[in-house]
Amino acid sequence: MTPKVQIKVEKLTYQYGSGQPALKNISFEISKGESIAIIGQNGAGKTTLAKHFNGLHKPSFGKVYVDNSDTGTMKVSELARKVGFVFQNPDHQIFNDTVGKEVAFGLKNLGLPKQEIEERTATALEAVGLTDHCRAYPFNLSKGQRQRVALASVLAMKTETIVLDEPTTGQDFRESVQIMDMVRKLNECGHTIVFITHDMSLVARYARRVLVLCRGEILVDGDVRSVFAGPELLQKTYLCPPQITNLAQRLGRHSIPPDVLSVRELYELLLKARGEKIGCCS
Ligand SMILES: Nc1ncnc2c1ncn2[C@@H]1O[C@H](COP(=O)(O)OP(=O)(O)O)[C@@H](O)[C@H]1O
Ligand SMILES: [Mg+2]
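Okay, here's the thing in structure tokens:
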């Protein structure tokens, strides 16, 4: 059975005022349950594109459909029930005076019973490691912590689609992995995930499909392995595959394929090439 189309972008052009459009006649579909990364250099149009998914931008030309409904005719509040959006800058999102109230805010708007609100708030705060900060004033927290408050608010809503605009910026590696592991769990439960990032190792680790934007156009759209296997195309937009893929590509003459995505994979391939048995490798 073909999976249901969750987001459909049809000949989308978006223009901020005069000058060059930020998005130029782009078309693609995202199926329910996909995990897709959007990458591209600064100014490529990633945020502009993502804001079409929750109705913050409406197409200048073309159409965007979410769950078969034309976003051009939908209210932002209607779309908020379908698409959760974690902003690049958490301070554009947070406005309540405690962390707990911030996470509970959207749930109250959904009209959920008090107990469910409390349970969902507690679970989301635990998932982002902020249980002890439930009563804290958000603006006394670090930027990384505020980013996790914003993320918890979206996670608690459990929308079908979750869009994350550079969710790990300002986080250390452990925090980034913690956040993305949580996002992966949601994907495994059936949520559609769209995330924007500059970190190619996160793309390799967490996305199955990658859409590369370059000056408002789609440079390439494909599965992560095949996109990273062709670094020449990525270079057009000043991106490089993850270091481990880069290393594998340099080892090509030792029969290592160019589409390796993890240390584990490369380790196993190297042992195989040497005719050794696979042991343990973390
Ligand atoms: N509010 C705005 N007003 C005018 N131009 C904008 C605005 N936001 C973004 N742009 C322009 O649109 C293009 C795409 O920006 P953006 O979507 O933020 O890119 P990215 O998220 O890939 O860095 C850039 O040329 C940027 O300067
Ligand atoms: Mg951006």
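Numbering (our numbering) for the sequence shown: 436 to 717.
Quick reminder that beta carbons are idealized off the backbone N, C-alpha and C, glycines included.
Buried or exposed (CB count within 10 angstroms, at least 16 for buried), residue i
| i | result |
| --- | --- |
| CYS649 | buried |
| MET436 | exposed |
| SER717 | In this prediction, SER717 has a pLDDT of 48, which is less than 50 and means its spatial position is unreliable; nothing more can be read from the coordinates. |
| ASP502 | buried |
| TYR449 | buried |
| THR508 | exposed |
C-alpha distance - residue i paired with residue j, whole-angstrom precision
| i | j | result |
| --- | --- | --- |
| LYS486 | VAL629 | 12 Å |
| VAL538 | ALA562 | 12 Å |
| GLN550 | LEU542 | 11 Å |
| LEU491 | GLU554 | 29 Å |
| ILE691 | LEU560 | 43 Å |
| PHE522 | PHE496 | 24 Å |
| GLY625 | THR603 | 22 Å |
| ARG640 | LEU654 | 21 Å |
| LEU704 | ASN681 | 15 Å |
| GLN606 | LYS578 | 9 Å |
| VAL440 | ARG709 | 45 Å |
| TYR702 | TYR673 | 28 Å |
| LYS510 | ASN477 | 29 Å |
| GLU464 | PRO494 | 16 Å |
| ASN380 | ILE461 | With the chain represented from 436 up to 717, any question about residue 380 goes unanswered, as that position is not in the structure. |
| VAL444 | LYS707 | 43 Å |
| ILE473 | ASP634 | 11 Å |
| LYS671 | ALA557 | 45 Å |
| LEU576 | LEU599 | 20 Å |
| PRO666 | PRO548 | 51 Å |
Host beta strand (DSSP E) of residue i (start-end)
| i | result |
| --- | --- |
| GLY735 | Look at the range of the chain in this structure, 436 to 717, and you will see that residue 735 is not part of it. |
| ASN460 | 458-466 |
| ALA728 | Nothing in the structure corresponds to residue 728, since the chain is present only between 436 and 717. |
| GLU652 | 652-658 |
| ASP647 | This sequence places Val at residue 647; Asp is not what is there. It spans 644-649 - the beta strand (DSSP E) in which VAL647 sits, taken as one unbroken run. |
| LEU514 | Here LEU514 belongs to no beta strand (DSSP E); instead the alpha helix (DSSP H) covers 511-514. |
| THR627 | 627-631 |
Limits of the alpha helix (DSSP H) - the one that residue i falls within
| i | result |
| --- | --- |
| GLY579 | 578-592 |
| GLU703 | 698-708 |
| GLN718 | The structure shown does not extend to residue 718, since the chain spans only 436 to 717, so no value can be given for it. |
| VAL563 | No alpha helix (DSSP H) contains VAL563, which DSSP labels as neither H nor E. |
| ASP616 | 608-623 |
| ILE679 | 678-685 |
| ARG640 | 635-641 |
| LEU669 | 666-670 |
| THR596 | No alpha helix (DSSP H) contains THR596, which is instead part of the beta strand (DSSP E) from 596-600. |
| LEU496 | The sequence given here has Phe at residue 496, not Leu. Counting along the chain, PHE496 falls outside any alpha helix (DSSP H), though it belongs to the beta strand (DSSP E) covering 496-501. |
Checklist entry - Are there three or more Cβ pairs, one per stretch, closer than 8 Å when the stretch 565-572 is compared with the stretch 525-538? => result A contact exists between the stretch 565-572 and the stretch 525-538.
Checklist entry - Where the beta carbon is closer than 7 Å to any heavy atom of ligand 2, which residues qualify, in chain order? => result Residues whose Cβ lies closer than 7 Å to any heavy atom of ligand 2, listed in chain order: LYS481, THR482, GLN523, ASP600, GLU601, ILE631.
Next on the checklist: Counting beta carbon pairs with one atom in the stretch 515-529 and one in the stretch 579-591, are three or more of them shorter than 8 Å?
Outcome noted: Touching, per the Cβ criterion.
Checklist entry - Can we say the stretch 590-600 touches the stretch 612-627, given the rule of at least three CB pairs closer than 8 Å? => result In short, these stretches touch, since the Cβ pair count reaches three.
Checklist entry - Between the stretch 631-646 and the stretch 658-677, do three or more beta carbon pairs fall short of 8 Å? => result These segments touch.
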